[in-house]
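Residue numbers (UniProt numbering): 1 to 125. Right, one structure below, let's go through it.
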Amino acid sequence: MIFRVPTSGLIAVGFLALCATPLATTVPGLAVLYVIPVALAAWVIRSRTVVDANRLVPRRLLGATTLAWTEIASLKLPKRGWVTAVRADGGEVPLPGVRLRHLPMLAALSGGRLDDPTAERPAAE
């Protein structure tokens, strides 16, 4: 399963490039302003989290981290933004594209290593 940063963000990046055009084309040397939208577009296209039964691979603009399911102690669940994997050694790794609504899929892909916090719990007697 691949969790991606929404590609609809490329619309905003295109708008940013369009807004930079008058300044970048009239002032010599300011064509370098186009580096910002190009870098943002590359980030949107490249950032993702690939999950399978054995591991998670969060990819960033530059580089990737491979995490075996056994290396993950827990997940940090934000109110907004991406879920973060907490390693057994205490380090944190953001999972690009993984949001709270994806937790049931993530729990299913983990093969029982992670609990689904959205699942119904049986009532205690």
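The C-beta atom is built at its ideal place from N, Cα and C for all residues, glycine as well.
{"Query": "Sufficient close CB pairs (3 or more, under 8 Å) joining the segment 47 to 57 to the segment 4 to 16", "Result": "yes"}
{"Query": "Three CB pairs or more closer than 8 Å across the segment 68 to 80 and the segment 25 to 33", "Result": "no"}
{"Query": "Reference V38; option with closest CA among S8, G14 and R87", "Result": "G14"}
{"Query": "Coarse secondary structure for V35, derived from DSSP in three states", "Result": "helix"}
{"Query": "Collapsed DSSP secondary structure at P104 in the structure displayed", "Result": "helix"}
{"Query": "Cβ shell of L61 (< 8 Å), same chain only, five flanking positions each side left out", "Result": "A39, A42, W43, R46 and S47"}
{"Query": "7 Å Cβ shell around L10 - same chain, five flanking residues per side excluded", "Result": "A41 and V44"}
{"Query": "DSSP-derived helix/strand/coil call for P28", "Result": "coil"}
{"Query": "With 16 other Cβ atoms within 10 Å as the buried cut-off, status of residue 136", "Result": "No answer is possible for residue 136: the residues shown for the chain start at 1 and end at 125."}
{"Query": "Inter-residue Cα distance where the pair is T65 and P58", "Result": "6 Å"}
{"Query": "Reference P94; option with closest CA among A12, H102, G81 and A88", "Result": "G81"}
{"Query": "Per-residue DSSP class, three states only, for T7", "Result": "coil"}
{"Query": "For V83, three-class secondary structure by DSSP", "Result": "coil"}
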